[in-house]
Each structure stands twice: as structure tokens, then as C-alpha cells.
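Novice: Got a structure here, written out as C-alpha cells. Questions coming.
Number of protein chains: 2
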Amino acid sequence: MAYQTFDPGLENRPIRDIAYEQLKHAIITGQIPAGSRIVETVYADQLHISRTPLREALRKLERDGLVEYVLHRGVVVRAFTIDDIDEIFTIRNAMMMLILPSVVENVTDEALARLREILKEMDVAQEKADADALAVLNREFHGSIEHLSDKLRILRVIDSQEEYIKRFSALAIASVVRRSNAHQEHHQMVALLENRDLEGLKKLMHHHLEESKETCLAAVREKHYS
Amino acid sequence: MAYQTFDPGLENRPIRDIAYEQLKHAIITGQIPAGSRIVETVYADQLHISRTPLREALRKLERDGLVEYVLHRGVVVRAFTIDDIDEIFTIRNAMMMLILPSVVENVTDEALARLREILKEMDVAQEKADADALAVLNREFHGSIEHLSDKLRILRVIDSQEEYIKRFSALAIASVVRRSNAHQEHHQMVALLENRDLEGLKKLMHHHLEESKETCLAAVREKHYS
DNA sequence: GTACAATAAATTGTATACAACCAAGGATGA
DNA sequence: TCATCCTTGGTTGTATACAATTTATTGTAC
Numbered sequence: 024m025a026y027q028t029f030d031p032g033l034e035n036r037p038i039r040d041i042a043y044e045q046l047k048h049a050i051i052t053g054q055i056p057a058g059s060r061i062v063e064t065v066y067a068d069q070l071h072i073s074r075t076p077l078r079e080a081l082r083k084l085e086r087d088g089l090v091e092y093v094l095h096r097g098v099v100v101r102a103f104t105i106d107d108i109d110e111i112f113t114i115r116n117a118m119m120m121l122i123l124p125s126v127v128e129n130v131t132d133e134a135l136a137r138l139r140e141i142l143k144e145m146d147v148a149q150e151k152a153d154a155d156a157l158a159v160l161n162r163e164f165h166g167s168i169e170h171l172s173d174k175l176r177i178l179r180v181i182d183s184q185e186e187y188i189k190r191f192s193a194l195a196i197a198s199v200v201r202r203s204n205a206h207q208e209h210h211q212m213v214a215l216l217e218n219r220d221l222e223g224l225k226k227l228m229h230h231h232l233e234e235s236k237e238t239c240l241a242a243v244r245e246k247h248y249s
Numbered sequence: 024m025a026y027q028t029f030d031p032g033l034e035n036r037p038i039r040d041i042a043y044e045q046l047k048h049a050i051i052t053g054q055i056p057a058g059s060r061i062v063e064t065v066y067a068d069q070l071h072i073s074r075t076p077l078r079e080a081l082r083k084l085e086r087d088g089l090v091e092y093v094l095h096r097g098v099v100v101r102a103f104t105i106d107d108i109d110e111i112f113t114i115r116n117a118m119m120m121l122i123l124p125s126v127v128e129n130v131t132d133e134a135l136a137r138l139r140e141i142l143k144e145m146d147v148a149q150e151k152a153d154a155d156a157l158a159v160l161n162r163e164f165h166g167s168i169e170h171l172s173d174k175l176r177i178l179r180v181i182d183s184q185e186e187y188i189k190r191f192s193a194l195a196i197a198s199v200v201r202r203s204n205a206h207q208e209h210h211q212m213v214a215l216l217e218n219r220d221l222e223g224l225k226k227l228m229h230h231h232l233e234e235s236k237e238t239c240l241a242a243v244r245e246k247h248y249s
């Protein structure tokens, strides 16, 4: 068959990466339920690609811990429990504490201006109670802060959990109360960053992520997701 | 060509995993220097395998962050600095603090007996100043403690750094002074575990890993590794 | 009907073939 | 001499073919 000539705009990535992201998304959202066996030919046909790039995508998922490989039996989707969510947020929180010193150290006026810009957009979204927009802006906001750090390996750990965070922090933002508190906290964060107040920022960020976790866990428990 | 029919004993893993580990080892030990481009055909020939399993190994290394992928240009070995070592130990220390509560909670008499057994072997190795044996036992000792925890995702983060730790903590163990201190600390750890003294253990473990890091960094700086 | 052996089907593991792309160098023309 | 186009060699991207292994199925004996 012909190559996948989708290529929207400038993107010309290998289709193994497309497959990787699609599978990752499908697993995290539960479209492919935990315990499912991923038979290569089935998914290759479904994605209209050959087994080769699909297998490379599976190897990546394997390193991510999303699927488990069994000798001569291929991969199975790993289970995903409330404890996982707890751990993911806990890891993220701990990593954040590790990078904050370098974040405060490296913050520039340009970065602060950018954060204030995002905050303004968040004000609007908050006003309109647009949870979807807030979820996107929220990731942008936190991402901008995190990537002020030069601790590349720690950032890599955070980024490896990024996809989960995206999904689950959206759940937290769905809560009206949490949304309002989080919004205030975001404003406070920028103020603390402005003053280079490391201790204050650490305390606030820790609280912020802890609250997000609790709200998210409550939401998940309610939906009896596990 | 015929399949790689090496298969020593019971091991019958796919050769992509063999390739993965060999490449990983070669990169971490510096046999393949940072910045090198890994041309698939070259290494496939060298390992006497085809490109397919090699590519799957490369995808895993990509997720590990050991190599970097450039569109249509393949992978290059990422640089590996003193800062990386610092971060790796820092991450490990932070993760350890997160799992220790569950370690203390789950510790059993059998586990303690096992730890004392390892300690005894370490006594012998310490007596004989056998640094190589100590390095192995050291990993076994710490691994046994870590895996008392049921925080699987956090353990996964620790394990993902395992290979580095193996290499670098061996450097720390090469120091006679550090070796002696570490040995004492290991004995103290078991005592604290016995008493389920979480706070004491946290304090000691934090100190222990911090000292290992410093010794290792000093050794690396001396060898002007970076 | 159950147990076991033999066989067939499904699936993964590996190798190879070919297409697409990039980079470098030479040919052509001004 | 310089710029531009084209070609070509090298390398990655993908598809496919085939081998090996596991799992399911069938058949036969008891």
C-alpha cells in the first residue's frame, strides 16, 4: 500500500509516532480496556499501517509502562487503578519540589509576562466557566513554569506522566469549587514568582497539587472508575 | 541467516531485548560516546541481527532518554553530564522518601531475615575489601528494601534509573572511606526497619543516598568524566 | 466421556525488499 | 568563478515474507 500521506501542514513525523500517540490516548482514556491483549495484525489493519511501525510504537508503550510484554504472547494493556492516579500526582508533586529552586532562579521578566498573558486568558475562561479551555490553559500555565527549570532529567520524569496529568487534572478542573480555588492559586503563584519567593512558592505549589489530586480522586471514586 | 540460537539455560528473550541491553550498557559506559550517530545497518551488522529488532531496541532507548531521534536522520547518543548524575541521585532520593512509609508498613520477618542474610555476605566482602562483590550485594540490599513497597509506579521510576545507579554507585563503593560508612549505615537500616522506625529510616536513607551521590560526583570529577 | 497425541490455526519474532528522503558533490550554464 | 540544478550514494521509513512458537482443535484410544 501507499505511504500514509496525511501530513497536515508541516508535520511529517513517522507513523510509528502517530500510532504511539493514538494507542497511548486510547489506553489512557480507557477505549482499550485494561487487560486487553493488543494483537498486532488487528491494530495494524485498524490503523491502516503495517506491523513494523506498530511494533515500534508498542515498544515505546512498553517503556512507558502502559502495556506489559509477555514472551511470545505480545502485549497486554496494564491495569490502571486509583492507586496509580495517587502515585502519579505524588510523583509529580515530589518532582515539582525538586525543580522549583531552579525555576525561581531562572525566571525572567519575559517568562513572567508570558505567564500573565496566560492568566488573562484564564480569567476570561474562568468567567465563562469554560472548563475545556481552562484545562488547556492550565497545562500551558504549569508547563511554562516547569520548563523554566534546567533540570532536564527531572523534567523528563514529569513529562513522562504528562499524558495522565492532562487527563486527570481535567477531571479536577471540572469541579466548580476547585476551579475557583485553583484560579486564585495561579494568580498567587505568579505573584510569588515575581518576588522570587521560593519557600512561599513551594508551599503553595505543594498545596495546589495536593488539592488537585484530592479533587481528582474524589471525582474518579464517584464515577466508580475503579 | 539463522536465528540467534544462543539461549543460555532458560533465557529465551527476544533479541531486541538483548540488543537493547547491550546498547544501553555501551552507552552508559561510554563505549559509544555521546554525540555518536547510531546508524542502523552498522550496529545491526555488528550485533549480527537485522534492522527490525535493532530499531525496536532504539525506540526503547528513545523512551529512556538515552538517545535522541532526529527526523529522517536516525538517533544520536545524548550527552551525559555531571548534572545528569546529580539529578539521577536526586530523583532516586526523592522517590525513596515517597516509598519508605509503605516499606516500613509492609516489612515482614522473612524480609528482615533476607536482609540480614545479605548483610552477612556484605560483612565478608567488606572484610575482604572486595568492591565488586560489594557493588552487587549493595544493589541487592537496596533492591530488597525498595521492593517491599507496593507503590508500583514510583518503583518504576526508580527502576528506570537502575542502570545508571548500578554504574555510579559502584564508583562510590570504590572509595574505602565511603565503603566503611555505607556498611555501617546498612546495618543501621536493618535495625531501624526491625523497629519500624519510619522517621529514623527516612533520615538515615536520605543521608546515605546523599553521601553516595557526593562520593560518586567527587570520583567522576576527578576522572574529569565531564 | 476423558485423556492424550497429533495437527492446524493464529500470532509473534526476525529478516529482507523496496520506497522515500536527505545530503553532498558534480555538471551545466551564465 | 559562482550559482543552480540534477544525480547519486547513503540512511531511514514502511511493507511484506517467512520462521518459530504458542494456542486451539481435531482425532484416536481407552
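Protein chains in written order, with my numbering: chain U, 24 to 249; chain R, 24 to 249.
Virtual Cβ for every residue (Gly too), placed ideally from N, Cα, C.
Keep in mind the model is a prediction, meaning the values are calculated, not measured.
1) Taking a cut of 8 Å between CB atoms, which residues from the stretch 113-128 of chain R lie near chain U?
2) Measuring only the C-alpha atoms, how far is Glu140(R) from Ile177(R)?
3) Compute the beta-carbon to beta-carbon distance between Ile269(R) and Ser203(R), rounded to the nearest angstrom, for a pair I have assumed lies under 8 Å.
4) Is Gly88(R) near the ligand MG, judged by its Cβ being under 7 Å from some heavy atom?
5) By the DSSP assignment, the alpha helix (DSSP H) with Gly97(U) in it spans what residues?
6) Return the chain-ordered ranges of every alpha helix (DSSP H) run that is complete within the stretch 71-99 of chain R and spans a minimum of 4 residues.
7) Bridge partners for Arg60(U) per DSSP, in chain order?
8) Would you mind telling me which residues of chain R sit closer than 8 Å to Gly88(U), beta carbon to beta carbon, in chain order?
9) Which residues of the stretch 97-113 of chain U have a Cβ closer than 7 Å to any Cβ of chain R? Give them in chain order.
10) Determine, for Arg162(U), whether the minimum Cβ-Cβ distance to residues of chain R falls below 8 Å.
11) Please decide whether Lys151(R) counts as near chain U, where near means a Cβ-Cβ distance under 8 Å.
12) Chain U partners of Glu44(R), CB-CB under 9 Å?
13) Kindly indicate if chain R contains any beta-carbon less than 8 Å away from that of Arg82(U).
14) When DSSP labels each residue in this structure, what does Gly53(R) get in the three-state scheme?
15) CA-CA distance, Leu232(R) and Ala67(U)?
16) Which of the three DSSP states is assigned to Ser192(R) in this structure?
17) For Ile38(R), name the three-state secondary structure that DSSP assigns.
18) Can you grab the Cα-Cα spacing for the pair Arg190(R) / His48(R), in whole Å?
19) Assuming Ile108(U) and Leu240(U) form a contact by the criterion Cβ under 8 Å, report the distance between their Cβ atoms to the nearest whole angstrom.
20) Just the chain R side, please: which residues come within less than 7 Å of Glu79(U) by C-beta, in chain order?
21) Checking 8 Å against the spacing of the C-beta atoms, do Leu221(U) and Pro124(U) come in under that value?
22) Have a look at Asn129(R), Tyr92(R) and Asp106(R) and flag the residue whose alpha-carbon is nearest the alpha-carbon of Arg219(R).
23) Can you grab the Cα-Cα spacing for the pair Leu86(U) / Val180(U), in whole Å?
24) With DSSP collapsed to three states, give me the class of Ala197(U).
25) Assuming Asp182(R) is part of the alpha helix (DSSP H), what are its boundary residues?
26) Alpha carbon to alpha carbon, how far is Asn35(U) from Val99(R)? Give it in angstroms, no decimals.
27) In chain order, what residues of the same chain lie with their CB nearer than 8 Å to the CB of Leu227(R), ignoring the 5 residues before and after it?
28) Please check the pair Lys236(R) and Phe112(R), which I expect to be a contact at CB under 8 Å, by giving their CB distance rounded to whole angstroms.
29) Taking only beta-carbon atoms, is Arg36(R) less than 8 Å away from chain U?
30) What is the rounded straight-line gap between the Cα of Val243(R) and the Cα of Glu110(R)?
31) What are the residues of the stretch 65-76 of chain R that lie near chain U, defined by any Cβ-Cβ distance shorter than 8 Å?
32) Apart from the five residues just before and just after Tyr187(U), which ones in its own chain have a Cβ nearer than 7 Å to its Cβ?
33) Assuming Asp109(R) is part of the alpha helix (DSSP H), what are its boundary residues?
34) Going straight from the alpha carbon of Leu138(R) to that of Ala134(U), what length do you get?
Specialist: Concretely, from the data shown:
1) Under the 8 Å Cβ criterion, the stretch 113-128 of chain R contributes Thr113, Ile114, Ala117, Met118, Met120 and Leu121.
2) Their backbone Cα atoms lie some 26 Å apart in a straight line.
3) Summary: the structure shown does not reach residue 269(R), with chain R confined to residues 24 through 249, and so no result is reported for it.
4) Of the ligands one can find in the structure shown there are none, so the ligand MG has no counterpart to examine.
5) Here Gly97(U) belongs to no alpha helix (DSSP H); instead the beta strand (DSSP E) covers Gly97 to Val100.
6) Fully enclosed alpha helix (DSSP H) runs of 4 or longer: 74-87.
7) Looking at the DSSP output, Arg60(U) sits in a beta bridge with Val99(U).
8) Ordered by position in chain R, the residues that pass the 8 Å Cβ test against Gly88(U) are Arg176 and Arg179.
9) Those would be Asp107, Glu110, Ile111 and Thr113, in chain order.
10) Any Cβ of chain R closer than 8 Å to the Cβ of Arg162(U) would place that residue at the interface, and such an atom is absent.
11) False, the Cβ-Cβ gap to chain U never drops below 8 Å.
12) For Glu44(R), no chain U residue has a C-beta closer than 9 Å to its own C-beta; the minimum C-beta separation is roughly 13 Å.
13) Look at Arg82(U): its C-beta is under 8 Å from a C-beta on chain R.
14) Coil at Gly53(R), not helix or strand.
15) Rounded to the nearest whole angstrom, the C-alpha separation of Leu232(R) and Ala67(U) is 46 Å.
16) The answer is helix: DSSP assigns Ser192(R) an H, G or I state.
17) If DSSP states are grouped into helix, strand and coil, Ile38(R) belongs with the helices.
18) Straight-line Cα distance between these residues: approximately 9 Å.
19) Going by Cβ atoms, the distance from Ile108(U) to Leu240(U) rounds to 6 Å, so yes, they are a contact pair.
20) Chain R residues near Glu79(U): Arg78, Glu79 and Arg82.
21) It is a contact, given that the beta carbons lie within the stated cut-off.
22) For Arg219(R), the nearest C-alpha among the options comes from Asn129(R).
23) It is worth fixing the name first, because residue 86(U) is Arg in this sequence and not Leu. Taking the straight line joining both Cα atoms gives about 12 Å.
24) Assignment of Ala197(U) by DSSP, reduced to helix, strand and coil, places it in the coil class.
25) Where Asp182(R) is concerned, the enclosing alpha helix (DSSP H) stretches over Leu175 to Ser183.
26) C-alpha separation (whole angstroms): 19 Å.
27) Apart from sequence neighbours up to five positions away, the residues of its chain that approach Leu227(R) with a beta-carbon distance below 8 Å are Glu208, Gln211, Met212 and Leu215, ordered along the chain.
28) Indeed they touch by this definition, with Cβ atoms about 4 Å apart.
29) Cβ-Cβ to chain U under 8 Å: yes for Arg36(R).
30) Near 14 Å, if we compare the C-alpha coordinates of Glu110(R) and Val243(R).
31) Against chain U - using a Cβ distance shorter than 8 Å - the residues of the stretch 65-76 of chain R are Thr75.
32) Within the same chain, Tyr187(U) has close Cβ partners Ile51 and Ile111.
33) Here the alpha helix (DSSP H) through Asp109(R) covers Ile105 to Asn129.
34) Between the C-alpha atoms of Leu138(R) and Ala134(U) there is a straight-line separation of about 50 Å.
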